[in-house]
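Student: First, the structure itself, so that you have it in front of you.
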Amino acid sequence: MIIELNKHVQLIRPEGKSVFPYSNSVFIKGDPSILIDAGSGGRAYRDVKEPVDILLLSHNHFDHINGVSFFPDAQVWASREEAPGYEDATVYASYNGYQYWDKLMGQPRHRRLAQTAAMPDDVPVSPGFVPVQLGGLIDDSHSWDTGHEHIIALHTPGHSHGHCSFWLESSNILFSGDIDLSPYGPWYGGNYSSFDQFEKSVRRLELLDPAVLTTSHRRPFMRGEDNIAQLLREYIDIGLRKEHNILEYMKVPRAFKDIADQPFVSTYPARTEYTQFWSRMMLLQHLQRLERRGLITEFDDGQWRRI
Ligand SMILES: [Zn+2]
Numbered sequence: 284m285i286i287e288l289n290k291h292v293q294l295i296r297p298e299g300k301s302v303f304p305y306s307n308s309v310f311i312k313g314d315p316s317i318l319i320d321a322g323s324g325g326r327a328y329r330d331v332k333e334p335v336d337i338l339l340l341s342h343n344h345f346d347h348i349n350g351v352s353f354f355p356d357a358q359v360w361a362s363r364e365e366a367p368g369y370e371d372a373t374v375y376a377s378y379n380g381y382q383y384w385d386k387l388m389g390q391p392r393h394r395r396l397a398q399t400a401a402m403p404d405d406v407p408v409s410p411g412f413v414p415v416q417l418g419g420l421i422d423d424s425h426s427w428d429t430g431h432e433h434i435i436a437l438h439t440p441g442h443s444h445g446h447c448s449f450w451l452e453s454s455n456i457l458f459s460g461d462i463d464l465s466p467y468g469p470w471y472g473g474n475y476s477s478f479d480q481f482e483k484s485v486r487r488l489e490l491l492d493p494a495v496l497t498t499s500h501r502r503p504f505m506r507g508e509d510n511i512a513q514l515l516r517e518y519i520d521i522g523l524r525k526e527h528n529i530l531e532y533m534k535v536p537r538a539f540k541d542i543a544d545q546p547f548v549s550t551y552p553a554r555t556e557y558t559q560f561w562s563r564m565m566l567l568q569h570l571q572r573l574e575r576r577g578l579i580t581e582f583d584d585g586q587w588r589r590i
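If you want it as structure tokens, here you go:
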């Protein structure tokens with residue numbers, strides 16, 4: 284489905300729900316024409332009637348890049364930080380943090396993510412490494428001109444280390460990717476994710492005060508109808524509240540597994556082994572943050588306690 288944000292900017296929404304393996308894309312008409320992200324599924328892209336000259340990828344997660352092959356003539360750009368992960372399967376695998384699986388889950392990983400869900404027929408590849416030939420590397424503040432629109436890349440790490448948002452300066456439309464205003468809160472469960480950086484990135488976007496905020500997984504938010512700054516603050520507050528609850532729970536020494544089993548640690552409705560793993564990766568981030576602030580420490584017996 285296409286939502287016309289203005290005469291030359293279209294939000295492309297997947298035919299199914301905008302959740303994994305799908306995500307929203309933004310198409311900017313012009314010369315060159317630019318598409319942001321490629322995870323809306325083949326059926327959604329049938330509505331794009333003009334050729335895509337440049338494809339910008341917000342980050343190297345499957346639900347944003349699985350449809351790159353639909354645009355064989357586009358020059359593909361991705362962040363400099365994550366560029367190696369588009370060329371090398373081993374580097375890509377290191378982004379997932381599965382080396383921590385045994386320790387965090389207490390048992391080996393038996394099933395690959397690709398084995399846990401069948402892909403819809405308009406997603407051309409299976410979860411895992413998707414090799415992409417890059418034609419350009421995105422650094423913070425890099426910009427593109429399409430004639431009607433000036434597009435500025437903003438390096439907004441936290442969700443992943445190379446995560447980028449794109450500000451359509453001429454229209455004051457912000458595409459914030461997986462700073463997605465999910466009701467379950469921010470996701471920072473990868474090996475190079477960082478809640479510290481996530482917080483900073485959200486504050487940076489808030490200061491832009493966009494007229495329209497489009498994210499990868501929700502409807503567009505419009506100034507006048509939605510309080511975009513407040514939505515961003517409430518979103519990051521979900522992570523901060525979790526951290527507060529973790530610290531409260533540690534009035535007595537606690538083992539990692541004990542903390543991990545508390546309901547406030549996982550904000551996801553689905554309880555798969557993967558959502559559990561990501562919740563635990565995120566818990567580890569909060570424990571390390573609290574440790575850096577001198578509030579807690581891990582003792583030799585494996586218990587975390589306040590100091
Ligand atoms: Zn992502």
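Start counting the sequence shown at 284; every next residue gets the next number (my numbering).
Note that CB positions come from ideal geometry on N, CA and C, so glycine has one too.
Are Val415 and Val351 touching if we call contact CB-CB under 8 Å?
Tutor: If you number the sequence shown from 1, residue 415 lands on position 132. If you number the sequence shown from 1, residue 351 lands on position 68. Yes. Within cutoff.
Student: Classify Asp461 as buried or exposed, calling it buried when 16 or more other Cβ atoms lie within 10 Å of its own Cβ.
Tutor: Translated into the one-based positions of the sequence shown, residue 461 becomes position 178. Buried.
Student: Are Thr550 and Gly468 touching if we call contact CB-CB under 8 Å?
Tutor: Position 267 of the sequence shown holds residue 550. Position 185 of the sequence shown holds residue 468. In contact: Thr550 and Gly468 (Cβ atoms closer than 8 Å).
Student: Comparing C-alpha positions only, which one of Gly325, Val408, Pro503 and Pro546 sits nearest to Arg524?
Tutor: In the sequence shown, residue 524 corresponds to position 241, counting from 1. It is Pro546 whose Cα lies nearest to the Cα of Arg524.
Student: Apply the 10 Å Cβ neighbour rule to Thr429 and answer buried if 16 or more other Cβ atoms are within range, or exposed otherwise.
Tutor: For this step, residue 429 is matched to residue 146 along the sequence shown. When all chains shown are included, Thr429 counts as buried.
Student: What is the DSSP secondary structure of Glu287, reduced to helix, strand or coil?
Tutor: Here residue 287 refers to the residue found at position 4 of the sequence shown. In the structure shown, Glu287 sits in a strand (DSSP, three-state: E or B).
Student: Taking DSSP as the reference, what is the three-state secondary structure of Ile462?
Tutor: Position 179 of the sequence shown, counting from 1, holds the residue named residue 462. Three-state DSSP puts Ile462 in coil, outside helix and strand.
Student: Hey, would you say the C-beta of Ser308 is under 7 Å away from at least one heavy atom of ligand 1?
Tutor: Translated into positions along the sequence shown, residue 308 becomes position 25. Because no heavy atom of ligand 1 lies under 7 Å away, the Cβ of Ser308 does not count as near it: no.
Student: From what residue to what residue does the beta strand (DSSP E) around Asp428 run?
Tutor: Stepping through the sequence shown from its first residue, residue 428 is reached at position 145. Here the beta strand (DSSP E) through Asp428 covers Ser426 to Asp428.
Student: If you measure from each residue's Cβ to the nearest non-hydrogen atom of ligand 1, which ones come out under 5 Å, in chain order?
Tutor: Qualifying residues come out as His344 and Asp461.
Student: Can you tell me whether Arg575 is helix, strand or coil according to DSSP?
Tutor: For the purposes of this step, residue 575 is taken as the residue at position 292 of the sequence shown. The answer is helix: DSSP assigns Arg575 an H, G or I state.
Student: Assuming contact is defined by CB atoms lying nearer than 8 Å, are Phe310 and Ile295 in contact in what I supplied?
Tutor: One-based indexing of the sequence shown puts residue 310 at position 27. One-based indexing of the sequence shown puts residue 295 at position 12. Yes.
Student: Go through its chain and collect everything with a Cβ distance to Glu526's Cβ below 6 Å, but skip five positions before and after it.
Tutor: If you number the sequence shown from 1, residue 526 lands on position 243. Excluding positions up to five away in sequence, the list reads His569.
Student: With respect to the alpha helix (DSSP H) encompassing Ala372, which residues constitute its N-terminal and C-terminal limits?
Tutor: Locating residue 372 in the sequence shown gives position 89, where the first residue counts as 1. Per DSSP, Ala372 belongs to the alpha helix (DSSP H) from Ala372 to Ser377.
Student: Helix, strand or coil, according to DSSP, for Ser308 in the structure here?
Tutor: Position 25 of the sequence shown, counting from 1, holds the residue named residue 308. Correct three-state label for Ser308: strand.
Student: From Gln358 to Glu482, what distance separates their C-alpha atoms?
Tutor: Against the sequence shown, residue 358 aligns to sequence position 75. Against the sequence shown, residue 482 aligns to sequence position 199. Approximately 31 Å, taken between the alpha carbons.
Student: What's the gap between the Cα of Asp583 and the Cα of Asp385?
Tutor: Within the sequence shown, residue 583 is the residue found at index 300, counting from 1. Within the sequence shown, residue 385 is the residue found at index 102, counting from 1. If you take the alpha carbons of Asp583 and Asp385, they lie about 19 Å apart.
Student: Use the C-beta contact count for Val331: other C-beta atoms within 10 angstroms, 16 or more gives buried, fewer gives exposed.
Tutor: By one-based count along the sequence shown, residue 331 stands at place 48. Val331 is buried by the Cβ-count criterion.
Student: Check whether the segment 337–355 and the segment 304–318 touch, using three or more Cβ-Cβ pairs below 8 Å as the test.
Tutor: The answer is yes - the segment 304–318 touches the segment 337–355, with three or more Cβ pairs under 8 Å.
Student: How big is the Cα-Cα spacing for Asp371 and Val413?
Tutor: Here residue 371 corresponds to residue number 88 of the sequence shown, with the count starting at 1. Here residue 413 corresponds to residue number 130 of the sequence shown, with the count starting at 1. For Asp371 and Val413, the distance between alpha carbons rounds to 9 Å.
Student: DSSP state of Ala397, grouped into three classes?
Tutor: For the purposes of this step, residue 397 is identified with residue 114 of the sequence shown, where counting begins at 1. Looking at Ala397 - three-state DSSP - the assignment turns out to be helix.
Student: What's the call for Val535, buried or exposed, on a 16-neighbour Cβ count within 10 Å?
Tutor: For the purposes of this step, residue 535 is taken as residue 252 along the sequence shown, with counting starting at 1. Val535 should be labelled exposed.
Student: Got a sec? Which residues, its chain only, sit under 6 Å from Ser499 by beta carbon, not counting five neighbours each side?
Tutor: Counting from one through the sequence shown, the residue named residue 499 turns up at place 216. So the list reads Ser306, Asn307, Gly460, Asp461 and Asp463, once near-sequence residues are dropped.
Student: Below 6 Å CB to CB, which residues in the same chain sit around Ser362 once its five sequence neighbours on both sides are set aside?
Tutor: To locate residue 362, count along the sequence shown from 1; it is residue 79. Answer for Ser362: Ile421, Gly445 and Cys447, listed in chain order.
Student: Helix or strand or just coil, what does DSSP make of Gly472?
Tutor: As a first step, residue 472 is located in the sequence shown; it is residue number 189 there, counting from the start. Here Gly472 sits in coil by DSSP.
Student: Quick one: what does DSSP say Glu482 is sitting in, helix, strand or coil?
Tutor: In the sequence shown, the residue the question calls residue 482 occupies position 199. The answer is helix: DSSP assigns Glu482 an H, G or I state.
Student: With 16 as the cutoff for other CB atoms within 10 Å, does Leu490 come out buried or exposed?
Tutor: Reading the sequence shown from its first residue, position 207 is the one you call residue 490. The residue in question, Leu490, is exposed, as its Cβ has fewer than 16 Cβ neighbours within 10 Å.
Student: When burial is assigned at 16 or more other CB atoms within 10 Å of the CB, is Pro552 buried or exposed?
Tutor: Looking up residue 552 in the sequence shown gives position 269. Exposed: under 16 other Cβ atoms inside 10 Å.
Student: Which partner residues of Met533 appear in the DSSP bridge assignment?
Tutor: On the sequence shown, position 250 is the one that residue 533 refers to. Bridge partners of Met533: none, in fact.
Student: Apart from the five residues just before and just after Gly368, which ones in its own chain have a Cβ nearer than 6 Å to its Cβ?
Tutor: Here residue 368 is taken as the residue at index 85 of the sequence shown, counted from 1. Asn343, Val374, Tyr375 and Tyr378, listed in sequence order.
Student: Roughly how many angstroms separate the alpha carbons of Ile579 and Ala543, rounded to a whole number?
Tutor: As a working note, residue 579 is residue 296 in the sequence shown. As a working note, residue 543 is residue 260 in the sequence shown. Cα-Cα distance, rounded: 16 Å.
Student: Any idea which residues DSSP pairs Ile337 with across the strands?
Tutor: Numbered from 1 along the sequence shown, position 54 holds the residue referred to as residue 337. The partner list for Ile337 (beta bridge, DSSP) reads Ile317 and Gln358.
Student: Hey, quick one: how far does the alpha helix (DSSP H) through Gly325 stretch, first residue to last?
Tutor: Counting from one through the sequence shown, the residue named residue 325 turns up at place 42. Gly325 to Tyr328 is the extent of the alpha helix (DSSP H) around Gly325.
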